[in-house]
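Numbering (the working numbering), first residue to last: 72 to 290.
Backbone N, C-alpha and C define an ideal beta-carbon position, used for all residues, glycine too.
None of these values were measured; they are calculated from a predicted model.
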Ligand code: C5P
């Protein structure tokens, strides 16, 4: 059966998560955060102290990795070896490591199956960097959500004020992550030719969702 798949790609801090969750809720489908997969890989690399630059060791590690999306409540929750790790994967260090390790082709290949299998089971909104370009080139609807980097960094700073990280550091790291994500050789962050571009610099979540819904034929 052909599922309705909506992809939302874009750089960090553009508001993809809130927008994707809201859109999924309003359309009655599930929300899948693919960044969580890359973060989970980084988290396990860190936890198990894997030398991921050694491709044989990385291959071994990936073969043993046991990531799964389990339905819990409305949206699938990512587990690693049966354990919900969501509370541990949102730190600044994991963000930076995920950005570095996601550039490795072996890592991307290892995560492809899990993303595709969930799309076979449910209508879903997929949030990520390469959803519309590499993972679901035939998605029903594709969006590329971006915003000015200063606005994105300010949002991240406001969200993470308890972390004690200075705004300038968040901005600097966001510029680095943007560069890493857009310049990597495999599945770089870029707008798919058939994706609709939305610049959220001056828009709030409800305005972005409204724009998206205006192009989607509600079943
Ligand atoms: O979206 P989020 O910031 O949680 O993603 C963490 C990192 O995972 C990103 O910086 C990006 O490098 C990587 N990622 C990716 N492809 C995706 C989703 C995330 O390379 N589809």
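Contact belief for residue i with residue j at Cβ below 8 angstroms, rounded distance in angstroms
i: residue 169; j: residue 110; result: 5 angstroms
i: residue 217; j: residue 81; result: 5 angstroms
i: residue 148; j: residue 155; result: 6 angstroms
i: residue 263; j: residue 187; result: At roughly 17 angstroms, the Cβ-Cβ gap does not stay under 8 angstroms, so residue 263 and residue 187 are not in contact.
i: residue 165; j: residue 117; result: 7 angstroms
i: residue 267; j: residue 163; result: 31 angstroms between Cβ atoms; not a contact.
i: residue 150; j: residue 280; result: Their Cβ separation, rounded to whole angstroms, is 28 angstroms, which puts residue 150 and residue 280 out of contact at 8 angstroms.
i: residue 103; j: residue 140; result: 7 angstroms
i: residue 74; j: residue 193; result: 7 angstroms
Identified DSSP bridge partners for residue i
i: residue 142; result: 147
i: residue 104; result: 198
i: residue 64; result: Missing from the structure shown is residue 64; the chain here goes from 72 to 290 and no further.
i: residue 154; result: 151
i: residue 217; result: 270
Residue j beta carbon less than 9 angstroms from that of residue i
i: residue 105; j: residue 210; result: no
i: residue 76; j: residue 207; result: yes
i: residue 95; j: residue 195; result: yes
i: residue 260; j: residue 249; result: yes
i: residue 276; j: residue 182; result: no
i: residue 190; j: residue 258; result: no
i: residue 101; j: residue 283; result: no
i: residue 252; j: residue 83; result: yes
i: residue 178; j: residue 129; result: yes
i: residue 167; j: residue 229; result: no
i: residue 172; j: residue 222; result: no
i: residue 107; j: residue 176; result: no
i: residue 160; j: residue 114; result: yes
i: residue 265; j: residue 203; result: yes
Opening and closing residue of the beta strand (DSSP E) in which residue i lies
i: residue 270; result: 267–270
Boundaries of the alpha helix (DSSP H) in which residue i is found, first to last residue
i: residue 131; result: 126–135
i: residue 221; result: 220–230
i: residue 184; result: 176–192
i: residue 165; result: 163–172
i: residue 241; result: 238–254
i: residue 261; result: From DSSP, residue 261 is part of no alpha helix (DSSP H); its letter is neither H nor E.
i: residue 278; result: 276–286
i: residue 91; result: 87–98
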